[in-house]
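Student: Heads up, the sequence shown is in the numbering used here, so the first residue is 1 and it goes up one at a time. Backbone N, C-alpha and C fix where the C-beta goes; we use that ideal spot for every residue, glycine too. Note that the coordinates shown come from a computational prediction; the quantities given were computed from them, not determined experimentally. Have a look at this one before I ask anything.
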Amino acid sequence: MKNRLRRAAAALISGTMLFTMSSMLPVQTAYAAACTVDPGKTYQTIRGFGGINLPEWQAINLPSGTTADMSAAQIQKAFGNGEDELGLTILRIYVSDDSSQWKTAVPTALAAQKLGATVFASPWYPPASMRSNGNGSKYHLNNNQYADYAKHLNSYIKYMEGEGVKLYSVSVQNEPDYAQDWTGWST
């Protein structure tokens with residue numbers, strides 16, 4: 001009985017706090033909008049929908065030498081076209097600045113391609129040796145490292161081709177107009 005009373009009191013207090021705090025938020029006025037669809041005009045073509053797989057981030061807590069990746073069931077759920085499957089058609093994979101990590105993206109990329117997905121790759125930052133501060137964040141790609149960075153990306157493409165992954169494209173940078181402390185860099 002005592003625990004029930006505590007839970008009820010906690011829920012009441014939490015709800016009151018949320019209601020009170022929400023009244024402090026700025027009020028935004030919704031404007032009426034009109035959307036006219038003209039099927040006779042094409043401004044762009046949507047080639048598909050997809051997501052990103054970052055096994056390098058998943059593998060942080062795994063024993064040395066092991067890799068984390070999507071399971072066969074997860075891949076089927078994401079890229080399959082059956083009932084209760086998402087039918088994604090695009091997979092973005094991460095170009096690690098550490099070439100020893102490139103292998104972790106291969107299994108999912110191959111399986112997604114087998115299900116018809118287009119695969120492209122994006123780096124978050126160049127290798128530390130090419131950065132203006134040699135590590136960390138808020139840095140620039142050294143002016144004398146442009147060719148080396150291009151070689152790094154070309155090496156990635158060749159590695160993936162050698163593993164059977166057919167990349168549609170490789171971007172120079174992930175979200176170039178968006179910089180956070182942990183991923184912000186420019187040329």
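With DSSP collapsed to three states, give me the class of Asn81.
Tutor: What you label residue 81 is simply residue 81 of the sequence shown in a count that begins at 1. Three-state result, Asn81: coil.
Student: Relative to the alpha-carbon of Ser171, which residue among Pro126, Asn133, Glu163, Gly162 has its alpha-carbon at the smallest distance?
Tutor: Residue numbering aside, residue 171 sits at position 171 when the sequence shown is read from its first letter. It is Pro126.
Student: To the nearest angstrom, how far is it from the Cα of Thr118 to the Cα of Asn133?
Tutor: Here residue 118 corresponds to residue number 118 of the sequence shown, with the count starting at 1. Here residue 133 corresponds to residue number 133 of the sequence shown, with the count starting at 1. Approximately 35 Å between the Cα atoms of the pair.
Student: Considering just the uninterrupted stretch of the alpha helix (DSSP H) at Thr194, what are its terminal residues?
Tutor: Lying outside 1 to 187, the shown extent of the chain, residue 194 is not represented and no answer is given.
Student: Exposed or buried, which one is Phe49 when buried takes at least 16 other CB atoms within 10 Å?
Tutor: By one-based count along the sequence shown, residue 49 stands at place 49. Phe49 should be labelled exposed.
Student: Helix, strand or coil: how does DSSP classify Asn53 here?
Tutor: Residue mapping note: residue 53 aligns to position 53 of the sequence shown, counting from 1. The answer is strand: DSSP assigns Asn53 an E or B state.
Student: Please list, in chain order, all residues of the same chain as Tyr149 whose beta carbon is under 7 Å from its beta carbon, the five residues on each side excluded.
Tutor: The sequence position of residue 149 within the sequence shown is 149, counting from 1. Pro126, Met130, Leu141.
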